[in-house]
Amino acid sequence: MIRIDSDDVPHRPGESSNLAIWAAVLVAVVGLVYSNTLNVPFLHDDFANIVENPGIRRIFPLFGAADATGFINRPVIRLSFAVNYALGGESVTGYHLLNILIHAASALALFALVRLTLSMSPAFGSRLRAHATPLAFFAALLWGVHPLNTQAVTYLSQRCESMAGFFYITTLYGAALASLGKRPLWGWMVAIPAFFLGLGTKEILVTAPVVVAAWQFLFAPRPFKSALWRSAPVYAAFFAGVLILAYSLISSETKFYKSAYAYDLNRLNYAMTQPAVLVHYLKLAFWPRPLVFDYWWPIEKGLGFIPYALVLGAGFIATVWGLFKRHPASFAGVCFFSILAPSSSIVALTTTAAEYRMYLPLAAICSSLAVMLGVFAINRGRKALPALGIFAAILAIALAAASFTRNLDYRDAYTLWNDTVAKRPQNPRAREGLGLAISMKGDYFGAIDQFREIITIDKNFTSAYYNIGRLLLMQNRPQEALKYYLDAVRLAPHHWMTWKGLGVAQCRNGLFDEGILSLRKARRINPNDETLNLYLESVLKSRQAEYWKP
5 MIRIDSDDVP
15 HRPGESSNLA
25 IWAAVLVAVV
35 GLVYSNTLNV
45 PFLHDDFANI
55 VENPGIRRIF
65 PLFGAADATG
75 FINRPVIRLS
85 FAVNYALGGE
95 SVTGYHLLNI
105 LIHAASALAL
115 FALVRLTLSM
125 SPAFGSRLRA
135 HATPLAFFAA
145 LLWGVHPLNT
155 QAVTYLSQRC
165 ESMAGFFYIT
175 TLYGAALASL
185 GKRPLWGWMV
195 AIPAFFLGLG
205 TKEILVTAPV
215 VVAAWQFLFA
225 PRPFKSALWR
235 SAPVYAAFFA
245 GVLILAYSLI
255 SSETKFYKSA
265 YAYDLNRLNY
275 AMTQPAVLVH
285 YLKLAFWPRP
295 LVFDYWWPIE
305 KGLGFIPYAL
315 VLGAGFIATV
325 WGLFKRHPAS
335 FAGVCFFSIL
345 APSSSIVALT
355 TTAAEYRMYL
365 PLAAICSSLA
375 VMLGVFAINR
385 GRKALPALGI
395 FAAILAIALA
405 AASFTRNLDY
415 RDAYTLWNDT
425 VAKRPQNPRA
435 REGLGLAISM
445 KGDYFGAIDQ
455 FREIITIDKN
465 FTSAYYNIGR
475 LLLMQNRPQE
485 ALKYYLDAVR
495 LAPHHWMTWK
505 GLGVAQCRNG
515 LFDEGILSLR
525 KARRINPNDE
535 TLNLYLESVL
545 KSRQAEYWKP
């Protein structure tokens, strides 16, 4: 049995200070790439998750304070936003600064993980170990500046993804430290808390035990059975955490698994759609354009998924074969398929494709690419190493420039949604966002045109009718507004805002009795809306005064 202790690894004089320099450069570059995001406004789901979320107005209690938001069953991420709110209210700068720091910390964690693996795992030869630090830096730098990560970093609501990514990589680092160092307890003391904090951030951490086991199988010095047996208590803790999360999700009947079916999206259609989505993710990893904020990916109902499924099947077989041969490159395949399994299998989510889901799989791809290029250069001789350094610098600069440019698309809602509509013109949700952004500029006619275009794309898109009615009322055109509100109520009879809008339109048309009935229906659905209650009260008082008028 091979035993490798941390003390067995040769250390050159000044190596600690050199590591600090590598780390500082990595953080500085990541910070520079995202320096133009500090004033990006709240966008899309940020309003529900942050601006209108009472759950982040206080730090305690940690649990049960995020109903009807994207933070349900995610107390750690809710706590991070609560701290942001406590320190800066609704000033976006603090939120973005923390997002950047989380991403930089994740890049540092990846740097540490790759360096530890390359320098101490018997899976790699001595020549590669000698270049562990620059190769690990190359991997972390590529990932840290890759434009495919911009959505997970710049879009505030997706802090869930970047923070979960940090805890995921830290869990792996702790496991690697336990497997390669002489004090395994210290490593597991890092991995287990990181795992549980990650579970409280996003559910993708349920896949971490699989990835940890794959890492141990491929890179640990001890025989796998021995390593697995010695780590049994740790895996028991992982399993307990997964059970706790599963119980929490089931008991809360979380909206994420119910809302998908409101879009007539079943598990089979969702699973048939995912092969094309996954192949698209892989393409973006190597050629990150065009990047799209909201895809509204068309649902596959035929056999069009087969070519993509064959590509993925070949990749899966290659991964299994690589595991059988204990080839280090197979680890990237394990990460890709395992981490994306919860969002790209039979669990039907309302969002069929999203770039932020590649945050962690991309880390594995960048790491594998850096190591393979390093192996190639080392095998070519010393003269190839400077060429690799130049290539790495050029590639990093190109990716960083692309990320910086992509972040400019987030500078305001109009720019972001206009870019999305240009790339996905049949996306009704993007047109809705664009219409709302146009209306905020005061161009009601332009906004109505966008909402009417939505109806031509999807005649059952309720909010298009609602928004047209709302804007027509703002233009003092109540007769035209009434028709659209009636359509909105027909499509969404359980939505209180449609009934409220209809009631206001009816009253503005002199149909007070019908309007009062509609407003009362809205209040039965949502009795706590202050503006609704005040408007209904004023209508009732005016009708009472009219009744007693001589």
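Be aware that the sequence shown starts at 5, since it is given in the working numbering, and climbs by one per residue. Each residue gets a CB set at the ideal place from its N, CA and C atoms; glycine is no exception. As the structure is a prediction and not an experimental result, all values here were calculated from the model.
Contact belief for residue i with residue j at Cβ below 8 angstroms, rounded distance in angstroms
| i | j | result |
| --- | --- | --- |
| residue 271 | residue 368 | Residue 271 to residue 368, Cβ: 27 angstroms. No contact. |
| residue 149 | residue 34 | 7 angstroms |
| residue 198 | residue 223 | That belief does not hold up - the Cβ atoms of residue 198 and residue 223 are roughly 18 angstroms apart, past 8 angstroms. |
| residue 374 | residue 139 | 5 angstroms |
| residue 505 | residue 492 | 7 angstroms |
| residue 117 | residue 176 | 6 angstroms |
| residue 90 | residue 63 | 6 angstroms |
| residue 466 | residue 496 | 4 angstroms |
| residue 97 | residue 411 | That belief does not hold up - the Cβ atoms of residue 97 and residue 411 are roughly 15 angstroms apart, past 8 angstroms. |
| residue 282 | residue 344 | 7 angstroms |
| residue 489 | residue 502 | 7 angstroms |
| residue 205 | residue 379 | 34 angstroms between Cβ atoms; not a contact. |
| residue 477 | residue 528 | About 22 angstroms separates the two Cβ atoms, so there is no contact after all. |
| residue 381 | residue 388 | 4 angstroms |
Collapsed DSSP secondary structure at residue i in the structure displayed
| i | result |
| --- | --- |
| residue 393 | helix |
| residue 487 | helix |
| residue 56 | coil |
| residue 522 | helix |
| residue 492 | helix |
| residue 76 | coil |
| residue 183 | helix |
| residue 172 | helix |
| residue 88 | helix |
| residue 261 | Here the model assigns residue 261 a pLDDT of 38, short of 50, so the residue's position is not dependable and the matter cannot be decided. |
| residue 159 | coil |
| residue 401 | helix |
| residue 497 | coil |
| residue 356 | coil |
| residue 413 | coil |
| residue 166 | helix |
| residue 237 | helix |
| residue 47 | coil |
| residue 42 | coil |
| residue 205 | coil |
| residue 248 | helix |
| residue 4 | Residue coverage of the chain in this structure runs from 5 to 554, which leaves residue 4 outside it and unanswerable. |
| residue 377 | helix |
| residue 545 | helix |
| residue 22 | helix |
| residue 533 | coil |
| residue 474 | helix |
| residue 479 | coil |
| residue 351 | coil |
| residue 513 | coil |
| residue 224 | coil |
Residue j beta carbon less than 8 angstroms from that of residue i
| i | j | result |
| --- | --- | --- |
| residue 556 | residue 180 | With the chain covering only 5 through 554, there is no way to say anything about residue 556. |
| residue 178 | residue 194 | yes |
| residue 538 | residue 523 | no |
| residue 458 | residue 436 | yes |
| residue 383 | residue 298 | no |
| residue 364 | residue 339 | yes |
| residue 231 | residue 220 | yes |
| residue 27 | residue 371 | no |
| residue 136 | residue 122 | yes |
| residue 426 | residue 439 | no |
| residue 519 | residue 543 | yes |
| residue 113 | residue 174 | yes |
| residue 359 | residue 288 | yes |
| residue 323 | residue 341 | yes |
| residue 88 | residue 166 | no |
| residue 300 | residue 433 | yes |
Within-8 angstroms CB hit, residue i to chain D
| i | result |
| --- | --- |
| residue 57 | Given the protein chain composition of this structure (a single chain), no chain D is represented. |
request  = List in chain order: all unbroken alpha helix (DSSP H) runs of 4+ residues lying wholly within the stretch 267-348.
outcome  = Correct list: 271-290, 310-328 and 334-344.
query = Where in the stretch 438-470 do unbroken runs of the alpha helix (DSSP H), each at least 4 residues long, occur, reported from the N-terminal end onward?
reply = 448-461
task = Only counting runs of 4 or more residues, tell me where the alpha helix (DSSP H) segments fall wholly within the stretch 87-134, in order along the chain.
result = Residue ranges of uninterrupted alpha helix (DSSP H) with 4 or more members, entirely inside the stretch 87-134 and ordered along the chain, are 96-124 and 130-134.
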